[in-house]
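What follows is one structure encoded as structure tokens, with my remarks underneath.
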Amino acid sequence: MAKQTGIIKLKGTIGGISFYKTSDGHLAREKGGVDKSRIQNDPAFQRTRENGSEFGRAGKGGKVLRNAIRLLLQNAKDKRVVSRLTKSLVAITKTDTTNERGLRNLQDGNLVLLEGFEFNLNGKLGATLFAPFSKAFDRVTGEATLDLAAFSPVVRIAAPAGTTHFKIVMGAAELDFENETSTFESDATAILPYTAADTAAIALSATITANSTLQVVQVIGVEFYQEVNGEMYALKNGAYNALSVATVDTP
1 MAKQTGIIKL KGTIGGISFY KTSDGHLARE KGGVDKSRIQ NDPAFQRTRE
51 NGSEFGRAGK GGKVLRNAIR LLLQNAKDKR VVSRLTKSLV AITKTDTTNE
101 RGLRNLQDGN LVLLEGFEFN LNGKLGATLF APFSKAFDRV TGEATLDLAA
151 FSPVVRIAAP AGTTHFKIVM GAAELDFENE TSTFESDATA ILPYTAADTA
201 AIALSATITA NSTLQVVQVI GVEFYQEVNG EMYALKNGAY NALSVATVDT
251 P
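Under UniProt numbering, think of the first position of the sequence shown as 1, with each following residue one higher.
This is how it looks when you write it as structure tokens:
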């Protein structure tokens, strides 16, 4: 692909060249490719159809997860989170040893590989929160927990410039990839001052379906704020907020 320069930006197709806009700017590429009907029917494209089927299934799975944690995700994501998550889920789909190629899926794959996934590369949890914490999920009760001992925010949290306050968040999502549905509950601290003084001990909990037979994902994050004239504002619209997959529990 080529990048468009100049004052006037084109959109559409001219002389076999397609002009379009992306998050990377205005681009151009030569129009072409194999006819759609041939891909759908020609035996030579069997592998292409299989790959496409699994890619589509992973894409839908990513949407299920994103929709489930939307309450927290809307405050902590980068521009490429959709494509990055889909790529990770495609890899997980390929770990399915139960179904044949083209029919592999997320519920039969090793979703544990998603642990550590960062929804915002501009604010990774591992490079933000340095306070020791313990996390757990009890499938029998459906309760997810997060506990932190008292800590000094300025010592244990790497906050972006301008931070005056912060909040720690945690959520648990029960994911039904087959039916494309989910259940989600979350908990959070109050908005706390970003100072040297120790916080109180923190204990967060969120309860979803007891004895669930579905995949469960627990996410943990940190949100930053700036106080102006007594009002709290999301610092730089949440550009540096962190949110990460902390636990994946499979039935």
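Beta carbons: idealized from backbone N, C-alpha and C, even for Gly. Just so you know, these numbers come straight off a predicted model, no measurement behind them.
Residue i versus the options, residue with shortest Cα-Cα distance
i           : options                : result
A188        : S212, Y240, L72, I208  : L72
T181        : R101, P132, K236, G61  : G61
T199        : N237, A161, S152, N229 : S152
M170        : L106, T98, L235, N75   : N75
R80         : E231, T22, V154        : T22
residue 281 : G102, K63, E231, A161  : Shown here, the chain extends from 1 to 251; a query on residue 281 therefore has no answer.
N110        : K94, D176, S205        : K94
G162        : R139, N237, R84        : N237
F133        : D78, I220, E231        : I220
G56         : L125, G126, S83        : S83
A196        : A150, E231, S186, A127 : A150
L175        : D24, N67, I17, L204    : N67
R139        : I17, A173, T98         : A173
Distance CB(residue i)-CB(residue j) smaller than 8 Å
i    : j    : result
I191 : I168 : no
Y225 : N122 : no
L65  : V222 : no
E143 : T207 : yes
R104 : E178 : no
A58  : V90  : yes
S88  : L114 : yes
L129 : I92  : no
V154 : Y194 : yes
Presumed contact (8 Å Cβ cut-off) between residue i and residue j, rounded CB distance
i    : j    : result
T164 : Q215 : Not quite, the Cβ-Cβ distance comes to about 38 Å (not below 8 Å), so this is no contact.
A210 : T141 : 6 Å
L148 : A131 : 5 Å
F166 : I69  : Incorrect: roughly 19 Å between the Cβ atoms, too far for contact.
D96  : D108 : 4 Å
Chain C contact for residue i (CB, 8 Å cutoff)
i   : result
L65 : In summary, chain C is missing from the structure at hand, where a single protein chain is found.
Cross-strand partners of residue i (DSSP beta bridge)
i    : result
V140 : DSSP, once it has assigned bridges, lists no residue as partnering V140.
K167 : E223
G25  : T22
Y233 : Q226
F130 : Paired residue(s): none; F130 is not in a bridge.
F184 : A173
K153 : Note that residue 153 corresponds to Pro in the displayed sequence, not to Lys. According to DSSP, P153 bridges with nothing at all.
I202 : L148
A242 : V222
K135 : L146
D249 : V216
Residue i Cβ short of 7 Å to the ligand ZN heavy atom set
i    : result
L125 : The ligand ZN is not part of the structure shown, which contains no ligands of any sort.
Stretch-stretch touch, CB-based, cutoff 8 Å, three pairs: the region 104 to 124 with the region 232 to 246: yes
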